[in-house]
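A short worksheet on the structure shown next.
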Amino acid sequence: MTSTWTEPANTATALLLLGRGADPSSEKGVDCPGELPAPSDPDLVARATAAKAKLGSKVFVLGHHYQRDEVIQFADVTGDSFKLAREAAARPDAEYIVFCGVHFMAESADILTTDAQKVILPDLAAGCSMADMAQLQQVEAAWEALVDAGVADSTVPVTYMNSSADIKGFVGRHGGVVCTSSNAKTALTWAFERGQRVLFLPDQHLGRNTGVLEMGFDADDCLLYDPHKPSGGLTQAQLGEAKMLLWRGHCSVHGRFTKSSVDEVRMRVPGVNVLVHPECRYDVVTAADYVGSTEYIIKTIENAPAGSAWAVGTELNLVRRLGLAHPDKQIMFLDRTVCYCSTMNRIDLPHLVWALEELVEGRLVNQITVDPKTAAEARSALDQMLALP
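Under this note's numbering, the sequence shown has 945 at position 357, and the numbering climbs by one with no breaks.
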């Protein structure tokens with residue numbers, strides 16, 4: 589089966605989805621504090637290669653799986669957010685960590701690396717809509733609601749890696765733990781050994797899918813906490829009775845997949861295997877054949893037999909890369925419409941070239957730093973995750 593790729597028209601919405609527009613109301617920053625090379629510059633690849641070579645072992649470039657191919661080619665290591673942060677920490681001799689990902693990932697790298705290392709995000713507009721759905725003031729207000737209901741002492745906060753340093757710090761302050769999409773069940777098991785309920789931040793879908801499908805909870809045990817409503821829209825009795833309080837947050841990429849997407853691809857491609865990320869909706873996850881983290885998705889495709897067909901529900905850059913890497917398999921995007929991570933796409937080759945060339949000239953740009961107090965508290969929650977069985 590062949591498919592034709594059509595670039596979206598240059599509307600404001602399409603440009604934002606492709607990472608070429610800006611939303612000042614939601615992004616960390618939209619202006620580059622310097623002059624970017626033109627995207628049409630035919631020498632961009634040569635310039636990036638030359639700058640990286642001049643920096644040598646002083647620079648270590650991290651590339652998240654959802655990055656563009658033009659950026660990934662310069663990554664020393666590729667992976668998910670936590671793997672990349674750990675890779676940075678494992679290279680204390682690298683003075684500069686250039687993180688091709690999004691803001692919360694660069695924060696985690698700064699927390700886990702030494703004070704002598706500088707973490708750089710090539711474009712400050714590369715944020716994360718999910719992480720932005722849980723602001724510190726909102727989470728502190730939610731904790732106060734639990735205090736008022738008399739249940740805070742028996743509640744353990746758990747935050748997904750896809751959260752800001754402020755939220756990780758809050759969780760560390762209250763004796764909680766960070767989790768990834770691959771160890772969420774282990775983290776929740778640890779939390780329920782220490783409390784009667786969990787406040788799960790900020791992705792409701794990962795929390796629900798893990799609680800119901802892996803922990804054996806009923807759907808009624810997992811209540812949605814809406815930070816835009818008093819007490820999350822819940823009564824004090826509901827706050828006390830719930831096993832899991834799921835923050836009303838989601839991934840703008842994975843949250844768009846629907847059950848109809850699964851049904852449509854099964855009708856169109858007989859025998860197709862549906863493979864999705866656990867950030868997808870509950871009805872999508874239950875309709876899929878395989879569910880797992882980004883690393884799980886990659887390994888599943890790598891180990892799949894030649895000739896097999898796969899509809900993959902995750903970010904489009906990764907799906908396209910998997911298709912190119914495995915031409916012996918039929919690999920397709922689960923949804924028919926474009927689904928890039930718009931903020932991941934902010935990191936493009938011009939921004940990477942600019943950041944590297946500035947470092948060559950001795951100018952430190954777009955450094956991401958976490959204040960010492962927050963970093964220490966967040967490190968506590970991250971270390972607790974590392975100590976999980």
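From the three backbone atoms N, C-alpha and C, an ideal C-beta is built for every residue, glycine too.
Keep in mind it's a predicted model, so treat the numbers as computed, not measured.
What does DSSP give as the partner residue(s) for TRP898 in the beta ladder? ASN861 and ILE919
DSSP beta-bridge partners of ILE708: Beta-bridge partners assigned by DSSP to ILE708: VAL686 and GLN955.
I need the boundaries of the beta strand (DSSP E) containing ARG785, first residue and last residue. 785-789
Other residues of its chain near SER717: CB distance less than 8 Å, five sequence neighbours each side excluded: SER614, CYS839, SER840 and THR931
Is the beta carbon of ILE699 closer than 8 Å to that of VAL727? no
Using the Cβ count rule (16 or more neighbours within 10 Å means buried), how would you classify ASP971? exposed
Report yes or no: do the region 898-911 and the region 817-832 share at least 3 C-beta pairs separated by less than 8 Å? no
Would you tell me roughly how many angstroms separate the C-alpha atoms of GLY895 and GLN661, rounded to the nearest one? Distance between the alpha carbons of GLY895 and GLN661 is about 27 Å.
The alpha helix (DSSP H) that contains HIS652, what's its start and end? Not the alpha helix (DSSP H): HIS652 falls in the beta strand (DSSP E), residues 647-652.
Residues in its own chain within less than 8 Å of ALA963 by CB, not counting five upstream and five downstream? ASP698, ILE699, ALA753 and GLY757
For PRO938, which of helix, strand or coil comes out of DSSP? helix
On a Cα-Cα basis, can you pick out the residue from GLY763, GLN918 and LEU833 that is closest to VAL857? Between VAL857 and the set GLY763, GLN918 and LEU833, the nearest pair of CA atoms involves GLN918.
Option in VAL872, VAL862 and LYS706 with minimal Cα separation from ARG844: ARG844 has its Cα closest to that of VAL872, out of VAL872, VAL862 and LYS706.
I'd like the list of long-range same chain contacts for GLY763, defined as Cβ closer than 7 Å, with 5 residues on each side in sequence excluded. VAL744
Nearest-angstrom Cα separation, counted from THR777 out to GLY785: At residue 785 the sequence reads Arg, which differs from the Gly that was named. Taking the Cα positions, ARG785 is about 11 Å away from THR777.
Report buried or exposed for GLN725, applying the criterion of at least 16 other Cβ atoms within 10 angstroms of its Cβ. Exposed: under 16 other Cβ atoms inside 10 Å.
Cα-Cα, which of ALA641, LEU827 and VAL907 is closest to LEU787? Ranking ALA641, LEU827 and VAL907 by CA distance to the CA of LEU787 puts LEU827 first.
Helix, strand or coil, according to DSSP, for LYS961 in the structure here? helix
Local conformation of PRO680 per DSSP, three classes: Coil, per DSSP.
Apart from the five residues on each side of it in sequence, which residues of its chain come closer than 7 Å, Cβ to Cβ, to THR925? none
Option in LYS706, ARG869 and VAL665 with minimal Cα separation from VAL800: Nearest C-alpha to VAL800: ARG869.
For PRO977, which three-state DSSP category applies? coil
Thinking just about the alpha-carbon of each residue, which of ALA704, LEU833, ASN861 and ALA722 is nearest to the one in MET749? ALA722
In this structure, how does DSSP classify LEU724 when only helix, strand and coil are distinguished? In the three-state DSSP reduction, LEU724 falls in the helix class (H, G or I).
For TYR928, name the three-state secondary structure that DSSP assigns. coil
For ILE956 and GLU695, which I take to be in contact (beta-carbon distance under 8 Å), what is that distance rounded to the nearest angstrom? 6 Å
As assigned by DSSP and simplified to three states, the class of THR774: helix
Where the beta strand (DSSP E) containing THR743 begins and where it ends: DSSP places THR743 inside the beta strand (DSSP E), whose first and last residues are 743-748.
Report all residues from its chain with a CB closer than 8 Å to the CB of ILE708; omit the five preceding and five following residues, and keep chain order. TYR684, ILE685, VAL686, PHE687, ALA694, ALA943, LEU947, LEU952, VAL953, ASN954, GLN955 and ILE956
My parser needs the beta strand (DSSP E) runs of 3 or more residues fully inside the region 803-891; what are they? 810-813, 832-835 and 861-864
How should VAL765 be labelled, buried or exposed, when 16 other C-beta atoms within 10 angstroms of its C-beta is the threshold for buried? When all chains shown are included, VAL765 counts as buried.
What is the DSSP secondary structure of VAL768, reduced to helix, strand or coil? Here residue 768 turns out to be Thr, not Val, going by the sequence shown. Looking at THR768 - three-state DSSP - the assignment turns out to be coil, as it is neither helix nor strand.
Considering Cα atoms alone, identify which of GLU945, VAL958 and ALA966 is closest to ALA639. GLU945
Go to THR701, then tell me how far its beta strand (DSSP E) extends in each direction, as first and last residue. Where THR701 is concerned, there is no enclosing beta strand (DSSP E), given that its DSSP letter is neither H nor E.
Less than 8 Å between the C-beta atoms of ARG884 and SER770, yes or no? The sequence as given places Tyr at residue 884; Arg does not occur at that position. For TYR884 and SER770, yes; Cβs fall inside 8 Å.
Cutoff 8 Å; reference LYS706; Cβ partners in own chain excluding five residues on either side: GLU683, TYR684, ILE685, LEU952 and GLN955
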